[in-house]
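Residue numbers (this note's numbering), protein chains in the order written: chain A, 68 to 356; chain B, 6 to 321; chain C, 7 to 245.
Listed below in structure tokens is the structure:
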């Protein structure tokens, strides 16, 4: 009995760690730029597949791929924002118009990235084995790769949190998010900050993708589901709250593993039900303002 | 409430419309079946887009629930198609979608902007995933078979729905309901302060829009023969009307019609000729339209038209 | 007759008390001013009266009936209208359509479109915007925007009209015109409650003034009383 509970809890934390990671990235993009990046999952997918390719072709450890994918996706994200969304932002008549048109642009991005992935990697489900030896903790058995993924997810999330709260750049970013007008007056290059934030979100996706590929099977169409989960976690934790996304991720992960224990097909449904209830009862989430 | 249209345009455009209508009605008589089927699909997209625009156009609430309403129509058709005559099947599909929209509307129309968009998308996905789970777990068989209907009948039914949807969109636009909707879209708080019951206006219009989507779903099911949750509630059916409406331009009534017609035709060609590239092309077109044609094709045409008139007026 | 009455009106935003136990009453035919430093809670009070926000505590009554808790469109139909600090016009619609919408929906009666159109035209004439009827609201200069908001509010046939800084951003000539308009409206029998920072206007037009500071009412009286009140001068006019 206890080992079952432990199994569910740790599985939940592993899932939660991944969720927290992807949510934190999305949260930063939304909190600062007020853009809902529905193509976030596609970045994750690209990270996952790039890792798969690097591993199957060159035997490169996913943990090393992580270090490559993250920064590469950061740059790509930064550039996409600096060109596409910068232009859109400047051209939009109002914040509402920009929110709508940027949302649609992200859908466009989603289609493009997914199609490119389908062209490169074909539609099949892929997977690989890495660090799949097992370890037993108090009667429950876990694959090493899952525990490593959890470790990395937690470490990266924490590092990101500290970056945002303790470093000068991090604080500047958060200040710009709170009050873009004042930040601009004080000499902060708001355009660059926004692009950096978007890039940081892509960075998180670039970290999450490899970790996911380590423990789950991957498919070019996997993106949307992760995007949705990220959105749910962000709303659950409270829009604009990084802490909320971190905690919300773990909460949702635990809920997910609990539901999966009873019936795997119900987990996504459970997420949607929670999400809908959340939107109806407390749309500002746990830590939201 | 329409901008001052040049007086002589009215009888001209009416005549044109009548001509198009006659062509559409008599089409199956002299055109090969595959074209009729193609046109049926195109009309389906046009109806979805026009229906979507009825609510989302003036209010600026981007709804991604179209798949939900369409899917409800599809499933109704599958469930009652064997026991009810076709007209009642369509009506049933429309009504269930209508009711679903009322429920969803009353629950969610307090949500704005981003929240509303994600919420409506979640509804569609929830229904899809739930039905998928139900069919896999509870009934053991995924998918259903639908009573087949002759392709000519499908075409004419869709044509009727198309005409009704277009007529409804036109009438709403010119009515006080249309003015209320636009006021809500412009400045919802001010709209409520001049006496508009925004919740009721939004919910009713949302439901009208869903009604036509449900009808479309009900008839398209008979064309597909086999349906399952993935086909009936395909998320693409939520995204495409938005895309097509933006592409065509939501300012005028015919914007969504043209946008959907062109886009749907493109889709048919692209999915058959370039099945591996069509998402890429869609996405690119979407981004191009967003960046350079914020008012859609119609907006572009209007600019040219106004530019021409301007020059003419300057010389007169 | 007492038209509008507020008892112990309170509004909290999270931990912040924007309004605390504010009592007020407005009698029919009066022109009452509402002044106070920025952040005093003036617009919040208007938002509570018009139904934009729910009260945390306290009661607001209009013509004896409780309106706190009703939705804005219901309160509007009872006869309370307001303008907004940042004129919330229907920017993409024409000036005429802005007024027309209010004529059509602003009252309890069902009115035909032609009649509503006529009323809208009359109102535009009343605020001297007739020539701009076909212009888009977003293309109007600021003084005209304010007047359009007034026309729109009047179209709902209110007994109480609340102005939220209707003179902000106007030059002295426009301020004088605005004061004339307010007098015209008053002469139509409409009661006026106005938030204003333009002191000249408040002092000249109002019968009574209510002063808010940090969410509480600190003074109330005639313009002379308020101008000479030490409390008010210290807190507000000294800024």
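Glycine is no exception: its CB is placed at the ideal position from the N, C-alpha and C atoms.
Can you tell me which of the three DSSP states residue i falls into?
i              : result
residue 13(B)  : Because the pLDDT at residue 13(B) is just 47, under 50, the model does not fix this residue reliably, and the point stays unresolved.
residue 115(C) : coil
residue 121(B) : helix
residue 46(B)  : helix
residue 31(B)  : helix
residue 283(A) : coil
residue 319(B) : At residue 319(B), the pLDDT of 48 sits below 50, so the modelled position is not reliable and the matter cannot be decided from this model.
residue 309(A) : helix
residue 203(A) : strand
residue 16(C)  : strand
residue 173(C) : coil
residue 91(C)  : coil
residue 369(A) : The question about residue 369(A) has no answer here: the residues shown for chain A are numbered 68 through 356.
residue 233(A) : helix
residue 317(A) : helix
Would residue i and residue j qualify as a contact pair, given that the criterion is a beta-carbon distance under 9 Å?
i              : j              : result
residue 116(A) : residue 280(A) : yes
residue 308(A) : residue 353(A) : yes
residue 210(A) : residue 282(A) : yes
residue 173(B) : residue 59(B)  : yes
residue 215(B) : residue 70(B)  : yes
residue 264(B) : residue 253(B) : yes
residue 57(B)  : residue 246(B) : yes
For residue i, would you say it is in contact with chain B, using Cβ-to-Cβ distances shorter than 9 Å as the test?
i              : result
residue 168(A) : yes
residue 187(C) : no
residue 119(C) : yes
residue 138(A) : no
residue 49(C)  : no
residue 78(C)  : yes
residue 227(C) : no
residue 75(C)  : no
residue 86(A)  : no
residue 245(C) : Confidence at residue 245(C) is low in this model, with a pLDDT of 48, below 50, so its placement is unreliable and no value can be given for it.
residue 339(A) : yes
residue 171(C) : no
Go to residue i, then tell me how far its beta strand (DSSP E) extends in each direction, as first and last residue.
i              : result
residue 30(C)  : 22-33
residue 120(A) : Here residue 120(A) belongs to no beta strand (DSSP E); instead the alpha helix (DSSP H) covers 107-125.
residue 99(B)  : Where residue 99(B) is concerned, there is no enclosing beta strand (DSSP E), although the alpha helix (DSSP H) it sits in stretches over 91-113.
residue 216(C) : 214-219
residue 183(B) : That residue, residue 183(B), is in no beta strand (DSSP E); its alpha helix (DSSP H) goes 181-191.
residue 197(C) : 197-201
So is residue i in contact with chain C if we call contact Cβ pairs under 9 Å?
i              : result
residue 197(B) : yes
residue 203(B) : yes
residue 188(B) : yes
residue 200(B) : yes
residue 185(B) : yes
residue 115(B) : no
residue 10(B)  : Reliability fails at residue 10(B), whose pLDDT of 46 lies under 50, so the model's placement of it is uncertain and no value is given.
residue 192(B) : yes
residue 181(B) : yes
Using 8 Å for Cβ pairs, my map puts residue i next to residue j. What's the rounded Cβ distance?
i              : j              : result
residue 199(B) : residue 108(C) : 4 Å
residue 217(C) : residue 224(C) : 5 Å
residue 219(B) : residue 103(B) : 7 Å
residue 47(C)  : residue 25(C)  : 5 Å
residue 112(A) : residue 316(A) : The pair is not a contact, with the Cβ atoms about 18 Å apart (cut-off 8 Å).
residue 247(C) : residue 32(C)  : Since the displayed chain C opens at 7 and closes at 245, residue 247(C) lies outside it and no answer follows.
residue 80(C)  : residue 170(C) : The pair is not a contact, with the Cβ atoms about 20 Å apart (cut-off 8 Å).
Starting from residue i, trace the alpha helix (DSSP H) in both directions and tell me its first and last residue.
i              : result
residue 151(C) : 148-161
residue 37(C)  : That residue, residue 37(C), is in no alpha helix (DSSP H); its beta strand (DSSP E) goes 37-41.
residue 163(A) : 162-188
residue 341(A) : 334-348
residue 67(C)  : Segment 63-68 is the beta strand (DSSP E) holding residue 67(C); no alpha helix (DSSP H) there.
How about residue i: is its C-beta nearer than 9 Å to some C-beta of chain A?
i              : result
residue 301(B) : no
residue 238(B) : no
residue 130(B) : yes
residue 295(B) : yes
residue 307(B) : no
Residue i: beta carbon under 8 Å from a heavy atom of the ligand PLP?
i             : result
residue 66(C) : Although the ligand PLP was asked about, the structure shown includes no ligands whatsoever.
Please list, in chain order, the chain D residues whose beta carbon lies closer than 9 Å to that of residue i.
i             : result
residue 74(B) : The structure shown contains no chain D; its protein chains are A, B and C.
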